[in-house]
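Trainee: Protein chains in written order, with numbering that gives the first Met the number 0: chain A, 0 to 402; chain B, 0 to 548; chain C, 0 to 301.
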Amino acid sequence: MRRAVLLLALVAAAAGCGTSRPERGTLTIVVDAPFSRTPYLGSAIEDGARLAASEIDAAGLHVGDREYELRVVTMDDALSAARAVANVRSAVERHAVAIVNEGTGVDAAWRVARGTPIGIVFQGGRGLVDPVTRRNVFRIAPTDHGIAFRLAEYLVPKGYRVALLHDDSDYGDAGAGELRRAFAGNRSSVALDETLPASALDLSPQVLRARRAHATALLVWGRPATIAAVLTAARSAGWAVPVYTPPTGADPFVRQQLADHPAWIDGLTFAGGRLTSEVGAAPFETFAQKLQQAFGAEGVGVRTRTGGRVVQPPETAMYAYDFVRLVAAALTRAGSTDPRRVTAALEEVTVEGANGDERAFNRLNHEGVVDDDVYFARFRDMTYAPVRDDPLSATLPAIPQTR
Amino acid sequence: MTTLPALAAAAREARAAWSTRSTLAVAAFALAGFVPLLTGDARTAELADGLYLACAAVGLAFTVGIAGLPSLAQGAFVAVGAVVGARLLELGAPTAVAALAGAAAGAAAGAIVGGGFARLPRAGFAAATWIFAWLVSLALQSLTWLLGGAEGTVVTAGPTPAGHYELALGLTAAAALAYLALARSTFGLRLAAARDREAAANELGVPVHRLRTVAVAASGAAAGVAGALAVALAGVADPTRYGPYLSFKLFVVVLIGGAAAPLGAAAGVVVLGVLSVAADAVGRLEHVAAARSHALLAAVMLLGVVSLGWEGLVRPARRPRRTTAGPGPAPGAPGRLAARSLAKRYGELVAADGVSLEIVPGTLTALVGPNGSGKTTLLRMLAGRIRPDAGSIVREGGVARTLQATAVFPTLTPLEHLLAASASRRRRGGLFRALLATPQARAEDAAFAAWARGVLVRFGVDPDTPAGELPVSDQRVLMLAAAYATGAAVLLVDEPAAGSSAAERRRLAGLLRGLADEGLALLVVEHDLALVRSVADRIVALDAGRVVT
Amino acid sequence: MAVALQILASGFAAGAVYGLVAVGHSVVFRLTGVVHFAFGELIALGVFVTLFVAAGSGPVSQTSVGGLRFVGALVVGLLVTAAAGAGSYFLAIEPYRRRGSVIGWVGASLAVAFAVRTLLVVFFDRPAYVFPDPLPFGVWRIGDVTIQERSLFVAGAALALAAAAAALLSRTRTGRALEAIAQDFDAAVLVGLPVARLVGGAFAAAGAWAGLAAILAAPSAAFDVDAAARYGLYGLAAAVVVWFDPRRALAAGLALGLIQATVTSAHAGGTQLGPAYRDAVPLALALAVLAWRARATQELVE
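1. Can you look up B/L348 in the DSSP assignment and give me helix, strand or coil?
2. Among A/A393, A/V369 and A/R358, which one has its Cα closest to the Cα of A/F375?
3. Any beta carbon from chain C within less than 8 Å of B/A298's own beta carbon?
4. Are the region 132–144 of chain A and the region 170–182 of chain A in contact at 8 Å, needing three or more beta carbon pairs?
5. To the nearest angstrom, report how far apart A/I264 and B/Y241 are at their CA atoms.
6. Check A/Y159 in the structure and name its three-state DSSP category.
7. Here's a check: name, in chain order, each residue in its chain whose Cβ is nearer than 6 Å to the Cβ of A/F148, leaving out the five neighbours to either side.
8. Specify the secondary structure class of B/E443 as computed by DSSP and reduced to three states.
9. Under three-state DSSP, which class holds A/R308?
10. Report yes if the CB atom of B/T171 is closer than 8 Å to the CB atom of B/A53, and no otherwise.
11. Spell out the partners DSSP gives A/W238 in its beta bridges.
12. Could you tell me which whole beta strand (DSSP E) segments of length 3 or greater appear in the region 259–316 of chain A?
13. Based on the DSSP output, what are the partners of B/H526 in its beta bridges?
14. Taking beta-carbon pairs under 8 Å, can you tell me which members of the region 274–294 of chain C lie near chain D?
15. Give me the residue from A/D388, A/E92, A/T225 and A/A233 with the minimum Cα distance to A/L250.
16. Below 8 Å between beta carbons: does that hold for A/S188 and A/Y159?
17. Figure out for me which residue from A/P312, A/V30, A/G266 and A/V242 has the closest Cα to the Cα of A/L218.
18. Sorted by chain position, which residues of the same chain lie with C-beta nearer than 8 Å to B/G115's C-beta, five sequence neighbours on each side aside?
19. Listed in chain order, which residues of the region 69–102 of chain B have Cβ atoms closer than 9 Å to some Cβ of chain C?
20. Which residues share a DSSP beta bridge with C/W139?
21. Give, in chain order, every residue of the region 230–255 of chain C whose Cβ lies closer than 7 Å to some Cβ of chain B.
22. Could you tell me the boundaries of the beta strand (DSSP E) in which A/H61 lies?
23. State the CB to CB distance for the pair C/A227 and C/A43, rounded to an integer number of angstroms; the pair is presumed to be in contact (CB under 8 Å).
24. Starting from B/Y483 and walking both ways along the alpha helix (DSSP H), at which residues does that stretch end?
25. To test your reading of the DSSP string, which unbroken alpha helix (DSSP H) runs of 4 or more residues are found completely within the region 238–267 of chain B?
26. Taking A/A43 as the query, report the chain B residues whose CB atoms sit under 9 Å from its CB, ordered along the chain.
27. At what residues does the alpha helix (DSSP H) containing A/N100 begin and finish?
28. Who does A/F361 pair with in a DSSP beta bridge?
29. Between A/R210 and the rest of its own chain, which residues show a CB-CB distance below 7 Å, the 5 nearest in sequence each way excluded?
30. Relative to chain A, which residues along the region 133–144 of chain B have a C-beta separation below 8 Å, given in chain order?
31. Using beta carbons (cut-off 8 Å, strictly below), is C/G18 in contact with chain B?
32. Applying the 10 Å Cβ sphere with the 16-neighbour rule, what's the burial state of C/S169?
33. Do the region 80–88 of chain B and the region 207–215 of chain B make contact, defined as three or more Cβ pairs closer than 8 Å?
34. Kindly list, in the order they appear in chain A, the residues whose Cβ is closer than 8 Å to that of C/I344.
35. Cα separation between B/T211 and B/A191?
36. Can you pull out the residues from the region 169–183 of chain A whose beta carbon lies closer than 8 Å to at least one beta carbon of chain B?
The structure is reproduced here in structure tokens:
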């Protein structure tokens with residue numbers, strides 16, 4: 000309710016600012032995400048897209064000799080590839096000018112899109128994006144490949160014997176493959192390679208096995224529930240082993256599950272896409288403010304020791320926001336709403352991203368986030384800050400996470 | 000019969016059997032075929048998907064409607080077809096091959112499930128199939144070598160959405176016709192008998208377990224083909240679509256639409272579709288996230304509908320059976336039954352102790368004795384239902400037995416009773432012949448129907464009233480007629496005259512004597528000594544499990 | 000060896016809950032001849048209502064709920080589950096059971112399951128929930144092996160409840176009355192037993208009992224509607240395998256839990272079946288045992 004009112008206010012303000020307008024056409028942008036299964040993710044993507052659309056509309060979108068207005072339509076795919084295909088078919092029927100997707104079903108749906116650009120803003124799997132065969136698929140999100148390599152690059156020099164634990168979800172399986180490739184040249188650093196059951200209540204046997212294998216660090220690649228379960232198992236057995244994770248470690252669920260034991264979260268280190276840019280934290284923080292004003296802050300549900308409410312910085316929303324702005328720039332450049340021409344133009348335009356960095360694709364590269372633009376952050380007192388023992392991370396500022 | 004006259008005969012039969020309902024059904028299907036002209040690709044694909052669901056639902060009606068078993072595994076059979084179809088399509092096989100392979104795989108899965116669990120009581124069968132549905136669903140999601148994990152297997156599409164639509168429409172129609180053919184055939188009649196009273200059906204020689212397994216396999220085949228083709232339509236085999244919810248949806252659709260009518264299941268799918276659209280519309284009014292409100296409303300409405308205790312939307316039509324002159328069943332050869340030194344104990348209780356008995360053709364042997372003397376136990380041993388602890392039994396020419404309690408099949412007419420009972424005497428009554436309704440099968444149907452009418456005239460029972468509505472005396476006579484119709488050479492009759500009037504006793508006496516004179520070997524258990532003396536050639540008395548001379 | 004012990008402990012914890020649910024399924028079947036397909040979902044209802052009353056529907060940490068409030072929430076949760084159990088029986092199942100329509104009550108109880116599930120998913124849509132846990136269960140350590148004290152408590156509760164159920168059914172008048180109903184409803188009505196009341200009461204009690212089971216087990220890890228549905232499924236599998244005998248259902252549940260833990264975590268030499276088979280193997284085994292028993296029960300002569 001509040002969201003609708005604020006958006007209405009934004010649009011009204013934007014409309015009021017301009018002079019009398021001639022009739023504007025409408026262009027549809029479809030957001031296809033698992034709203035019913037992972038609502039936070041869905042609404043993050045939707046919010047980022049809507050913010051971008053309202054700003055573009057306020058500034059005016061000119062394509063060819065006509066002015067247009069962007070309309071965001073959401074569709075739920077419930078983490079089902081078949082539903083995603085049906086949604087994309089439907090989007091094409093509505094003449095959508097772009098599809099913002101969390102990543103589910105792209106393998107099956109990209110052909111059905113008939114050239115309409117699809118922007119993946121969450122999943123980092125290898126093979127989803129291929130500029131040669133899948134010209135209409137783009138991504139703005141850190142890749143699993145990049146994260147795995149950076150993790151290996153970070154952990155191996157520390158001399159750890161790492162236990163590679165992954166859960167048997169799709170995400171975990173894909174990550175396991177990437178980790179094996181990343182650690183291929185350093186098998187001596189790997190103490191154990193074990194599969195964890197994704198929906199298990201209790202991971203004590205597997206964690207115990209890692210301990211028996213004399214691991215000195217755990218790398219847990221899995222969904223947030225798995226990470227929480229591993230931490231629980233290790234810490235309640237009195238094992239103070241350092242734990243490293245991909246971006247899922249920053250998911251609010253981990254902190255919620257372990258809210259009774261804040262000390263267990265301290266020291267948890269995750270790898271994530273860099274949020275701020277070389278010009279500093281200011282642009283990202285401005286973006287976070289705008290998003291919060293329009294849609295409210297995403298509370299994690301825990302408090303720091305001093306009682307501050309912890310909020311989650313809007314990473315996925317930023318990627319969706321950037322993609323929609325790229326689409327608008329491509330529309331202007333192409334001078335036409337034909338999806339194939341928009342796709343071609345996407346390879347030629349550049350925009351300034353929400354965090355101040357430049358975002359662009361080109362003929363050979365459809366990844367909007369550079370592979371090694373990955374940093375590490377460590378938790379302390381329910382909030383995280385970049386680590387100091389990694390060259391890239393050491394240069395980054397901490398982002399305020401309490402309100 | 001040569002082709003042209005055969006087709007003409009078939010056309011004449013169809014015309015005779017035509018009804019308003021048939022016209023409506025054909026019209027509905029014909030109209031439905033034009034829909035793709037009006038809708039875009041996305042909508043056509045959705046409708047085609049719904050039609051594949053309807054095909055699987057009509058397939059489920061084979062098990063739920065004809066066999067009366069609560070099968071919750073239909074979604075799992077769809078999944079099996081989908082996996083096989085997806086793997087073949089991935090390798091580049093043509094859609095037709097994938098569809099056939101899906102059907103075969105579904106049939107195999109159905110045979111395994113039916114074979115393993117159809118012996119359980121119905122509640123147990125429901126539980127077992129539910130667990131199976133979950134097993135398949137969970138396996139699909141975790142065993143990535145089956146379908147490639149949560150993202151599923153991607154396949155290159157074959158026919159267009161419109162092509163799939165027409166194909167699905169055709170398959171649903173074919174499934175409905177198959178249902179119709181099977182329900183009326185001896186396959187369907189025997190299963191209906193087993194559904195009504197399993198014990199009595201066993202006594203008439205109905206191979207209940209085998210028939211049930213076949214029914215489940217048939218359902219599996221329909222599900223498998225629908226699953227494989229739905230994968231081709233979607234372009235991806237997605238494990239999340241084949242959860243227990245799919246089995247539930249198919250089951251409830253059949254329940255709502257009416258399990259006993261061929262198009263009941265299809266009607267149920269329409270109802271479900273309407274519920275979904277209604278829920279969508281209401282959801283849009285409230286601006287709640289569509290997926291949530293839709294699911295909630297559909298669930299509430301479904302619950303409301305189911306709680307009303309529906310019989311189902313579509314009631315089965317009763318069509319009269321054609322009769323023509325023709326060779327009925329071949330008369331059976333004379334047979335006999337010889338038992339030597341049978342013994343049976345139940346703990347302390349001696350039911351039989353050194354009982355020897357011989358029943359020869361053309362005679363009626365009466366078995367008398369006080370209650371609890373072991374007469375029914377002896378009959379059950381002679382019929383082969385229970386194993387004696389000691390002794391031997393020689394049977395020649397088949398044995399049929401009537402039950403002590405009145406055990407007719409309430410929903411079947413006497414004509415259908417006899418057709419079910421005489422099914423093993425058919426030469427051209429196999430499953431596939433029935434399915435295809437070949438001219439020879441139909442001719443034999445008609446000849447047997449004529450013969451059965453003759454038998455019922457002889458026994459004095461109205462052939463066309465459902466047995467549940469007949470007077471009790473007629474029901475008892477019907478049990479006897481059904482046993483006779485099996486063609487068994489030896490008939491074991493358990494207390495046929497219990498609670499009947501004097502006139503009814505005379506009628507029974509006449510019938511029993513007539514059967515013996517025809518050459519059958521009869522053993523009749525009876526309390527009424529006057530009746531016994533008037534018909535029996537020999538009297539054997541039993542007391543506390545021993546023969547008393 | 001420590002790992003093996005740990006596997007045993009994990010399997011035991013899960014198996015205790017399965018066993019408890021299996022006893023509930025058995026009791027319901029013995030009394031009514033009805034398989035309660037909505038059991039898992041009713042469990043979920045109890046857990047989530049308790050959660051809602053205790054802590055609202057926002058994110059919650061495990062100790063942010065005071066003891067007294069939790070007890071109040073627990074009572075409300077159990078009452079709601081009992082009411083839902085009895086209500087669903089009278090509304091949906093009884094009309095069909097009365098007519099002897101097995102297909103009818105199967106469809107109806109599944110519809111109840113589906114309705115409860117979608118209701119819960121509408122209100123509780125996050126992928127997993129953190130359940131408040133005011134009971135101070137800790138961890139018992141034997142060397143490197145950790146055993147959750149909670150799991151011992153659950154197992155103890157399961158044992159106690161199973162024994163109580165068996166005693167109730169065979170020793171007390173109410174229990175015998177209920178068993179009589181199961182044998183023959185119509186005769187029981189003729190004899191004057193308040194059938195509907197007793198059976199509804201049985202359904203309500205079974206629902207509350209199951210809710211208690213889940214609430215005891217829930218705090219140990221992330222909980223969602225699917226997890227509850229799986230408890231119901233495994234409980235059903237255990238109950239069916241022993242053909243709804245309450246005395247053996249608990250053992251069957253424990254066995255399923257142990258098999259599952261072994262398949263998930265045990266390594267034989269260098270190889271392992273692995274977590275991918277954690278559901279497939281126990282359920283397939285249960286079905287195989289059931290099929291084998293089905294063959295053996297009928298007295299068939301060639």
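We treat Cβ as the ideally placed atom computed from N, Cα and C, and that holds for glycine.
Mentor: Straight from the coordinates:
1. For B/L348, the three-state secondary structure derived from DSSP is strand.
2. Taking only the C-alpha atoms, the option nearest A/F375 is A/A393.
3. For B/A298, the answer is yes, since a Cβ of chain C falls inside 8 Å of its Cβ.
4. In short, these stretches touch, since the Cβ pair count reaches three.
5. Annotation: A/I264 to B/Y241 spans about 38 Å, alpha carbon to alpha carbon.
6. Coil at A/Y159, not helix or strand.
7. Apart from sequence neighbours up to five positions away, the residues of its chain that approach A/F148 with a beta-carbon distance below 6 Å are A181, ordered along the chain.
8. For B/E443, the secondary structure class from DSSP, reduced to helix, strand or coil, is helix.
9. Strand.
10. Cβ distance < 8 Å, so B/T171 and B/A53 count as in contact.
11. Beta-bridge pairing links A/W238 to no other residue.
12. For the region 259–316 of chain A, whole beta strand (DSSP E) runs of length 3 or above, ordered along the chain, are 268–272, 298–302 and 308–310.
13. B/H526 pairs with nothing; no bridge assigned.
14. Structure shown: chain D not included; protein chains present are A, B and C.
15. What sits at residue 250 of chain A in the sequence shown is Asp, not Leu. A/D250 has its Cα closest to that of A/T225, out of A/D388, A/E92, A/T225 and A/A233.
16. Using a Cβ distance threshold of 8 Å, A/S188 and A/Y159 count as a contacting pair.
17. Of the candidates A/P312, A/V30, A/G266 and A/V242, A/V242 places its Cα closest to the Cα of A/L218.
18. For B/G115, where only same-chain residues beyond five positions count, the Cβ hits under 8 Å are A127.
19. Near chain C, meaning a CB-to-CB distance below 9 Å, the residues of the region 69–102 of chain B are P69 and L71.
20. Here C/W139 is bridged, per DSSP, to C/I146.
21. Of all residues in the region 230–255 of chain C, L232, L235, A236 and V239 have a Cβ within less than 7 Å of some Cβ in chain B.
22. For A/H61, the enclosing beta strand (DSSP E) stretches over residues L60 to V62.
23. Correct: roughly 3 Å between the Cβ atoms.
24. Run containing B/Y483: V471 to A484, per the alpha helix (DSSP H) assignment.
25. For the region 238–267 of chain B, whole alpha helix (DSSP H) runs of length 4 or above, ordered along the chain, are 243–256.
26. Here the premise fails: no neighbours, minimum Cβ distance about 15 Å.
27. For A/N100, no alpha helix (DSSP H) run applies; the uninterrupted beta strand (DSSP E) run containing it begins and ends at A97 to N100, by DSSP.
28. The question names Phe, but residue 361 of chain A in the sequence shown is Asn. Looking at the DSSP assignment, A/N361 forms a beta bridge with A/N364.
29. Contacts found: W238.
30. Close to chain A, meaning a Cβ-Cβ distance shorter than 8 Å, are the following residues of the region 133–144 of chain B: S141 and T143.
31. Taking a beta-carbon distance threshold of 8 Å, C/G18 does not count as an interface residue toward chain B.
32. C/S169 is exposed by the Cβ-count criterion.
33. As far as the Cβ criterion goes, the region 80–88 of chain B does not touch the region 207–215 of chain B, which means the pair count is below three.
34. In the structure as shown, chain C starts at 0 and stops at 301, and residue 344 of chain C therefore has no counterpart that could be examined.
35. A small fix is needed here, since residue 211 of chain B is Arg in this sequence, not Thr. One C-alpha to the other measures close to 10 Å.
36. Taking 8 Å as the upper bound on Cβ-Cβ separation, chain B lies near residues D169 and D172 of the region 169–183 of chain A.
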